[in-house]
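Numbering (this note's numbering), first residue to last: 501 to 747. What follows is one structure encoded as structure tokens, with my remarks underneath.
Below, the structure is given as structure tokens:
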């Protein structure tokens, strides 16, 4: 059961990272700060989509489920517990999405913790969040992993779009709601239902999901270029504007 193993391995990596934060509270606080900046950055980058229109719901879903600063410990535990069942009972698209989400979460936590170490080293400096974030990003580097993050985010979106074309899947998800909640899998169930409904609504517009994912790809690729390739002062100014801070 390859998918189940991948999910459990990813959750185990996240658990090890969380243990390190419990052993080092200051680092845990720094991770929280990094995540909050990233969440604010996403909200700023997609303020036009989040404010209304056909892509408000999918942008909100991405912000809540993929770029949020909330604690995913509950969902992680549920993923590990149901890993074998996902592979056994769900269509392949659901399995693929679950694996991608678990592996994305593990990579994101790893990179956030690496960023937090640099962030923590700047403690006490008279530095804006934008400059501090840019410095931490560049010191950590790992461009290939950053590009991989974006690739997986887009793949999750593509798989969600495919799920909406799977006959009977929405009925199956609805029927699972009670048993999933009773089994302590409510968080995972909510993610699947929310993702399905969000992309199903978008799919009613021809090419809607594809256009939304192109917007994500274009803007996130531009962010990668900004953070890696531009002068630090330019990077800081642009980030400050996105975060709603004076440059």
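Backbone N, C-alpha and C define an ideal beta-carbon position, used for all residues, glycine too.
According to DSSP, is residue i helix, strand or coil?
i, result
"residue 570", "coil"
"residue 705", "coil"
"residue 554", "coil"
"residue 505", "helix"
"residue 674", "helix"
"residue 513", "helix"
"residue 665", "coil"
Short of 7 Å in beta carbon distance, which residues of its chain neighbour residue i, apart from the five on each side in sequence? Order them along the chain.
i, result
"residue 620", "526, 527 and 530"
"residue 606", "510, 513 and 514"
"residue 517", "609, 610 and 613"
"residue 705", "554"
Candidates the options: which alpha carbon is nearest residue i's?
i, options, result
"residue 690", "702, 674 and 704", "674"
"residue 556", "702, 639 and 707", "702"
"residue 640", "735, 547, 742 and 612", "612"
"residue 618", "630, 635 and 608", "635"
"residue 630", "664, 524 and 734", "734"
"residue 592", "652, 523, 502 and 571", "502"
"residue 743", "534, 580, 714 and 616", "534"
"residue 505", "571, 522 and 585", "585"
"residue 615", "567, 637 and 603", "637"
"residue 600", "706, 692, 652 and 709", "652"
Leaving aside the five residues before and after residue i along the sequence, list all residues of the same chain whose C-beta is less than 6 Å from its C-beta, in chain order.
i, result
"residue 633", "537"
"residue 660", "695 and 699"
"residue 713", "654 and 657"
"residue 569", "535, 536 and 539"
Locate the alpha helix (DSSP H) running through residue i, then write down its first and last residues.
i, result
"residue 532", "525–545"
"residue 598", "592–621"
"residue 741", "732–743"
Apart from the five residues on each side of it in sequence, which residues of its chain come closer than 8 Å, Cβ to Cβ, to residue i?
i, result
"residue 563", "539, 542, 543, 546 and 550"
"residue 724", "643, 646, 647 and 650"
Give a yes or no on whether 8 Å exceeds the smallest Cβ distance from residue i to chain C.
i, result
"residue 612", "Looking for chain C here will not work: only one protein chain is present."
How about residue i: is its Cβ closer than 7 Å to a heavy atom in the ligand MG?
i, result
"residue 584", "Here there are no bound small molecules, and the ligand MG is not part of this structure."
As an exercise, report each continuous beta strand (DSSP E) stretch of at least 3 residues that is fully enclosed by the region 623–663, in chain order. none
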